[in-house]
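Student: Chains as they are written, first to last, in the working numbering: chain G, 1 to 136; chain P, 1 to 136; chain Y, 1 to 81; chain R, 1 to 81. Backbone N, C-alpha and C define an ideal beta-carbon position, used for all residues, glycine too.
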Amino acid sequence: MIELTNQPIDCSALLAKASRPEAGAVVLFLGTTRELSDGRRTLALNYEAYDGMAEKKLADLEAEARCRWPLVECILVHRLGRVPLAEASVAIVVSTPHRADAFAAGEWLIDTLKRDVPIWKQEHWADGTSEWVHPI
Amino acid sequence: MIELTNQPIDCSALLAKASRPEAGAVVLFLGTTRELSDGRRTLALNYEAYDGMAEKKLADLEAEARCRWPLVECILVHRLGRVPLAEASVAIVVSTPHRADAFAAGEWLIDTLKRDVPIWKQEHWADGTSEWVHPI
Amino acid sequence: MTVRVKLFAAARELAGASEVAVEVCDGATLVDIERALLAAIPAVERILPHARWAVNAEFATSDAAVNEQSEIALIPPVSGG
Amino acid sequence: MTVRVKLFAAARELAGASEVAVEVCDGATLVDIERALLAAIPAVERILPHARWAVNAEFATSDAAVNEQSEIALIPPVSGG
Numbered sequence: 001m002i003e004l005t006n007q008p009i010d011c012s013a014l015l016a017k018a019s020r021p022e023a024g025a026v027v028l029f030l031g032t033t034r035e036l037s038d039g040r041r042t043l044a045l046n047y048e049a050y051d052g053m054a055e056k057k058l059a060d061l062e063a064e065a066r067c068r069w070p071l072v073e074c075i076l077v078h079r080l081g082r083v084p085l086a087e088a089s090v091a092i093v094v095s096t097p098h099r100a101d102a103f104a105a106g107e108w109l110i111d112t113l114k115r116d117v118p119i120w121k122q123e124h125w126a127d128g129t130s131e132w133v134h135p136i
Numbered sequence: 001m002i003e004l005t006n007q008p009i010d011c012s013a014l015l016a017k018a019s020r021p022e023a024g025a026v027v028l029f030l031g032t033t034r035e036l037s038d039g040r041r042t043l044a045l046n047y048e049a050y051d052g053m054a055e056k057k058l059a060d061l062e063a064e065a066r067c068r069w070p071l072v073e074c075i076l077v078h079r080l081g082r083v084p085l086a087e088a089s090v091a092i093v094v095s096t097p098h099r100a101d102a103f104a105a106g107e108w109l110i111d112t113l114k115r116d117v118p119i120w121k122q123e124h125w126a127d128g129t130s131e132w133v134h135p136i
Numbered sequence: 001m002t003v004r005v006k007l008f009a010a011a012r013e014l015a016g017a018s019e020v021a022v023e024v025c026d027g028a029t030l031v032d033i034e035r036a037l038l039a040a041i042p043a044v045e046r047i048l049p050h051a052r053w054a055v056n057a058e059f060a061t062s063d064a065a066v067n068e069q070s071e072i073a074l075i076p077p078v079s080g081g
Numbered sequence: 001m002t003v004r005v006k007l008f009a010a011a012r013e014l015a016g017a018s019e020v021a022v023e024v025c026d027g028a029t030l031v032d033i034e035r036a037l038l039a040a041i042p043a044v045e046r047i048l049p050h051a052r053w054a055v056n057a058e059f060a061t062s063d064a065a066v067n068e069q070s071e072i073a074l075i076p077p078v079s080g081g
């Protein structure tokens with residue numbers, strides 16, 4: 001399941017969906033807004049997506065992860081718009097029969113999402129400036 | 001934070017505790033009761049601990065993980081008593097500034113917990129029999 | 001022919017628009033689109049060296065041909081997650 | 001001296017008790033405890049080859065000495081998580 005949303009991410013609902021009798025392990029990853037980056041203080045982040053392509057790439061990621069690992073459930077949710085400090089901008093939940101696969105799939109999914117899904121973050125700094133983040 | 005409990009594990013509360021402004025990544029692992037093991041059907045699991053030593057070993061695990069990785073929060077909760085199908089018997093939550101540490105610490109913690117913490121599981125099989133699990 | 005290029009994040013802000021139309025010859029590739037975009041909006045120059053292109057919601061290489069129906073997007077380095 | 005040995009899981013069920021008292025000489029080590037336990041409760045034989053011992057809530061090797069105040073536990077292979 002993949003989703004782009006402007007609402008806070010409801011982790012309980014995602015975990016309930018992933019906790020199935022045929023799974024023995026659930027791994028959830030949350031990317032949260034960190035207050036300090038290289039010593040600068042952030043007030044909030046703002047996320048923008050190329051919606052149609054981001055949804056397609058997320059669906060591709062789910063499909064590829066399901067080929068690589070025996071996933072019972074695979075959930076990718078990215079929040080868009082303003083995300084306050086300490087709230088989650090992204091949630092990845094995978095459940096598998098055995099735990100090593102859940103850790104491997106979860107880490108591969110977030111690494112690949114960060115490389116290939118057209119979503120951008122804008123830092124709103126405490127000094128009143130803001131900046132799109134385009135890592136090179 | 002470490003805890004042994006006879007109650008269902010409240011993941012939302014654990015995630016809220018771990019989502020702190022100085023963390024950028026949260027990884028939660030849940031070990032859940034799987035219905036089928038080697039083709040046999042389980043109705044529920046029952047967990048027993050050597051309480052005093054289990055609490056000490058869990059605290060040791062937290063301390064060692066905090067030495068190895070820069071953990072903002074580190075939470076180890078194990079449920080005892082009867083655990084129904086698809087519910088969590090163990091929850092591990094770690095938050096870190098950067099995600100690779102959260103995955104590495106989470107996986108090390110569950111691997112080491114399963115090796116060194118004196119807790120035992122009893123399978124209640126669908127055929128009416130039950131069995132303590134002592135993997136060798 | 002006229003093609004539309006979607007812009008995002010810093011590229012969108014530099015251009016002051018989330019989509020721009022550029023004129024290119026029939027049979028144009030992304031190389032031609034990039035040249036036309038740069039001529040129309042010189043400020044995107046600082047984004048281009050590290051950006052990727054997408055055609056119809058898939059990453060595409062610079063020799064990819066496009067037509068008037070193509071959905072073309074400039075993808076600056078992404079930072080989701 | 002008399003020492004008490006905590007038993008868990010299958011070992012507890014085989015013994016029908018969560019704690020047993022065994023008599024050993026002063027200065028006894030876990031090797032002596034194990035021998036006394038086996039004599040008192042022969043059924044634990046099938047657990048012993050893979051079990052570990054703990055003294056005062058720490059894993060201990062078989063040459064560890066114990067006394068009447070020691071908290072001694074037989075730790076069958078664990079299966080938490």
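1. Pull up the distance between the alpha-carbon of P:E107 and that of R:S62, whole angstroms please.
2. How would you call G:R68, buried or exposed, if buried means at least 16 neighbouring beta carbons within 10 angstroms?
3. Measuring only between beta-carbons, confirm whether G:R82 sits less than 8 Å from chain P.
4. At what residues does the alpha helix (DSSP H) containing Y:V31 begin and finish?
5. Which class does G:L4 belong to by DSSP, given the choice of helix, strand or coil?
6. Given a limit of 8 Å on CB to CB distance, which residues of the segment 18-52 of chain P reach chain G?
7. Report the start-end ranges of each beta strand (DSSP E) in the segment 8-53 of chain G that is 3 residues or longer and not cut off at the edges.
8. Please state if the CB of P:A59 and the CB of P:I137 are separated by a distance shorter than 8 Å.
9. Evaluate G:I136 with the Cβ neighbour count: other Cβ atoms within 10 Å of its Cβ, from every protein chain shown; 16 or more gives buried, anything less gives exposed.
10. Counting only C-beta atoms, is G:H98 closer than 8 Å to chain Y at any point?
11. Shortest alpha-carbon distance to P:E87 belongs to which of P:K57, P:R66, P:H78 and P:H134?
12. Against G:H78, what residues of chain Y qualify as contacts under a CB-to-CB distance less than 9 Å, listed in chain order?
13. Residues of chain P with a CB under 7 Å from the CB of R:P42: which are they?
14. State the beta-bridge partners of R:A21 as determined by DSSP.
15. Label G:P8 either buried or exposed according to how many other C-beta atoms from any shown protein chain fall within 10 Å of its C-beta, with 16 as the threshold for buried.
16. Quick one: Cα of P:C74 to Cα of P:A91, how far?
17. Under the rule that 16 or more other beta-carbon atoms within 10 Å means buried, what is P:L61, buried or exposed?
18. I want to see whether chain P comes within less than 8 Å of R:A60, judged by CB atoms only; does it?
19. Distance check for P:K114 and P:G24, CA to CA, integer angstroms please.
20. Could you tell me the distance, in whole angstroms, from the CA atom of P:D10 to the CA atom of P:A126?
21. Using the Cβ count rule (16 or more neighbours within 10 Å means buried), how would you classify R:E45?
22. So what does G:T96 bridge to, in DSSP terms?
23. According to DSSP, is Y:H50 part of a helix, a strand, or is it coil?
24. Using the beta-carbon count (16 or more within 10 Å), is G:E48 buried or exposed?
Tutor: The relevant details are as follows:
1. 31 Å
2. That one is exposed.
3. False, the Cβ-Cβ gap to chain P never drops below 8 Å.
4. L30 to A40
5. strand
6. Within the segment 18-52 of chain P, the qualifying residues are S19, R20, P21, E22, A23, G24, A25, V26, V27, L28, F29, L30, G31, T32, T33, R34, E35 and L36.
7. 25-32 and 40-49
8. Because chain P is modelled from 1 through 136, residue 137 of chain P falls outside the range shown and cannot be assessed.
9. exposed
10. It does not; no Cβ of chain Y falls within 8 Å.
11. Restricting attention to P:K57, P:R66, P:H78 and P:H134, the CA atom closest to the CA of P:E87 is found in P:H78.
12. G80 and G81
13. One finds nothing in chain P with a Cβ atom closer than 7 Å to the Cβ of R:P42; even the nearest lies about 18 Å away.
14. R:R4
15. exposed
16. 11 Å
17. buried
18. no
19. Approximately 27 Å between the Cα atoms of the pair.
20. 27 Å
21. exposed
22. For G:T96, which the question treats as bridged, DSSP gives the partners G:A25.
23. helix
24. buried
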